[in-house]
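Chemist: Residue numbers (my numbering): 13 to 636. Where is the CB? At the ideal position from N, CA and C, for every residue including glycine. Predicted, not measured: the structure shown is a model, and the values here were computed from it. Have a look at the structure that comes next, please.
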């Protein structure tokens, strides 16, 4: 091969592009990843954090499959907090404040030192296809053409990017970077349906200009969690909380006529679950205040991030808003908040592999697919990179179901239901929350990562050993009887229970509310143990009955997914299907009865018709 010939070309080196390129290269594909600016690989243009509600689950799953985001987050962590820790384990979500500059440096270094991978600074202006319509390469703004058997578009918010602040607007990518201005037209010419979305980011202020005494201190966890088993970085930074007030809201209402959002200047659809401050004040007019998180941007910078103050208001109005808030009265603004509009693809054009159904070899990932967030992007990039490599190798694709992962839920929602706004993962989007926990991500997905080739033999051996240790600890706790006596009675009384006249099985005791595995270890006098194994064993025992019920649901789901639909069905010939169902099914070409059942416009009655049709087809095939 010469220097212009590759197996996989990745457009964009943000969170989706990084995982796509690394997965492809680590699977042996000669990979080129194109970026508009080499110094902004892995940039965090918005919040300086990794994880959060639902998003933490994605990061654990990325790690389980052999991706890089979890390792990077652990390495550059400033503060670690387990969200929802007072609730059940299904919604526990790890969130890390990250050093955004160190994160960029970490990821660029990994890309540069990965075998089979070349990082290229260039604007890709078009995709190349052969006579059959399949991908054969990309072309750049400098007139170069690079051959490739697969192309993954991970353009983030740079594709057709336009920054808007008050009356001012101009073509730009995030953080005032170069936009990608020519690729959209080429994609449209190739038949790709493009939609326009919008997102935004808050102001950054100087740390020394804030009055922290007027704000609530938010420390990290006393014993910080990490995404990987090898994470050891300590908490080094604090966060703070403050609130908007009536004066803040009055300023916003008095200036709504200058808001690009309410004045019709912004055409793109914004995220429902991360609205701008002006949108929140209008939509939630009965709320007296809104929470603002004041977060560090890094260990070597004075910039502080005002999470919750996203805005596209004119800068002078933003200053009034900021200075009306306790602790921010004298804040010096370093970066003004802005809104950004960008182009993305309608994800209904893609299969669950993230390959475009009508353009073989073309894949989408991240915000290009209509999602929002670093974690959602990285998840899709990983899946797209794996599938591009597997297709070139002639192997079966990796398709993650919604019953086995949040990544599967995310992708299934996008390619089956589509989205009319930037999509964000949440624990409430899954029907199988108790099963799809952070702590069992490796159990669910590491075998798949190993089969795909991303999880090494060494890492897989460690995983198998951990699984055996977990199994052994659950068995031990199930067999262990704690003898009656003062120690046991003291524990029971302290937790609100009556003393025991006889011994109690450790597993039975553990099923009681407020009793933890550490309580049992204290009764045993045990001081050394693997905290991850211990907490996992506690969850498996405490929620055993509920988990079994959920696994039964997963099994029923799997049966529908196993009922495969032929790719060449003409649904208009299937008698009994309603017209809307025929049209939707012919457009989306679902791979299984399960996916067909989740398509908007396909009713339970239509699913029954498909099941009967499939059974009759099977009988005809046998007869023939």
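#1: Would you report the Cα separation of residue 34 and residue 124, rounded to the nearest angstrom?
#2: Run through the DSSP bridge pairs and tell me what residue 63 is partnered with.
#3: Mapping the DSSP letters down to three states, classify residue 308 as helix, strand or coil.
#4: Please name the residue or residues paired with residue 229 in a DSSP beta bridge.
#5: Just curious, the alpha helix (DSSP H) that residue 333 is in, first and last residue?
#6: For the candidate residues 403, 402, 434, 445, whose alpha-carbon lies nearest to that of residue 420?
#7: For residue 368 and residue 159, which I take to be in contact (beta-carbon distance under 8 Å), what is that distance rounded to the nearest angstrom?
#8: Could you check where the alpha helix (DSSP H) with residue 80 kicks off and where it finishes?
#9: Less than 7 Å between C-beta atoms, sequence neighbours within five positions excluded: which residues of the same chain meet that for residue 355?
#10: For the beta strand (DSSP E) containing residue 433, name the first residue and the last one.
#11: According to DSSP, what are the bridge partners of residue 406?
#12: I'd like the list of long-range same chain contacts for residue 91, defined as Cβ closer than 6 Å, with 5 residues on each side in sequence excluded.
#13: Taking 8 Å as the line, does the beta carbon of residue 493 fall inside it for any heavy atom of the ligand FAD?
#14: Candidates 339, 302, 281, 22: which alpha carbon is nearest residue 264's?
#15: Under 9 Å, do residue 145 and residue 157 count as touching if we go by C-beta distance?
#16: Three Cβ pairs or more, each shorter than 8 Å: is that satisfied between the region 546–555 and the region 506–523?
#17: With DSSP as the reference, label residue 395 as helix, strand or coil.
#18: Report the partner residues of residue 148 according to the DSSP bridge assignment.
#19: Closest by CA to residue 492, which one among 533, 399, 289, 505?
#20: Mark residue 593 as exposed unless 16 or more other C-beta atoms lie within 10 angstroms of its C-beta, in which case mark it buried.
#21: From what residue to what residue does the alpha helix (DSSP H) around residue 119 run?
#22: Leaving out five residues on either side along the sequence, give the residues of the same chain with a beta carbon under 7 Å from the beta carbon of residue 455.
#23: Measure the alpha-carbon distance for residue 52 versus residue 167 and round it to whole angstroms.
#24: Per DSSP, what are the beta-bridge partners of residue 138 in this structure?
#25: Flag this pair as yes or no: are the beta carbons of residue 345 and residue 334 separated by less than 9 Å?
#26: Any idea what DSSP makes of residue 523, helix, strand or coil?
#27: For residue 368, which residues does DSSP report across the bridge?
#28: Give me the Cα-Cα distance between residue 280 and residue 339, rounded to the nearest whole angstrom.
#29: Using the Cα positions of residue 84 and residue 46, report the straight-line distance between them to the nearest angstrom.
#30: Kindly list the residues whose CB is nearer than 7 Å to the CB of residue 475, restricted to its own chain and excluding five residues on each side of it in sequence; keep chain order.
#31: For the putative contact between residue 251 and residue 306, defined by C-beta atoms under 8 Å, what is the C-beta separation to the nearest angstrom?
#32: Does the region 314–332 touch the region 369–378, meaning 3 or more C-beta pairs lie closer than 8 Å?
#33: Relative to the C-alpha of residue 100, which residue among 448, 24, 234 is closest?
#34: Could you pull out every unbroken alpha helix (DSSP H) segment of at least 4 residues lying fully inside the region 259–321, listed in chain order?
#35: Just the C-alpha distance for residue 507 and residue 415, rounded to the nearest angstrom, thanks.
Modeler: Concretely, from the data shown:
#1: 10 Å
#2: 107
#3: Reduced to three states, the DSSP call for residue 308 is strand.
#4: 252
#5: 327–335
#6: Measuring from the Cα of residue 420, the nearest candidate turns out to be 445.
#7: That pair is no contact at about 19 Å.
#8: Per DSSP, residue 80 is not a residue of any alpha helix (DSSP H), being assigned neither H nor E.
#9: 171, 172, 196, 206, 208
#10: Where residue 433 is concerned, there is no enclosing beta strand (DSSP E), given that its DSSP letter is neither H nor E.
#11: None; residue 406 has no bridge partner.
#12: 109, 232, 247, 249
#13: This structure does not include the ligand FAD; it has no bound ligands of any sort.
#14: 302
#15: no
#16: Touching, yes.
#17: helix
#18: Answer is none; residue 148 lacks a bridge partner.
#19: 533
#20: buried
#21: 112–124
#22: 479
#23: Approximately 13 Å between the Cα atoms of the pair.
#24: 151
#25: yes
#26: Note: residue 523 maps to coil in three-state DSSP.
#27: 362
#28: 33 Å
#29: 21 Å
#30: 454, 458
#31: Their Cβ separation, rounded to whole angstroms, is 6 Å, which keeps residue 251 and residue 306 in contact under 8 Å.
#32: no
#33: 448
#34: 289–295
#35: 36 Å
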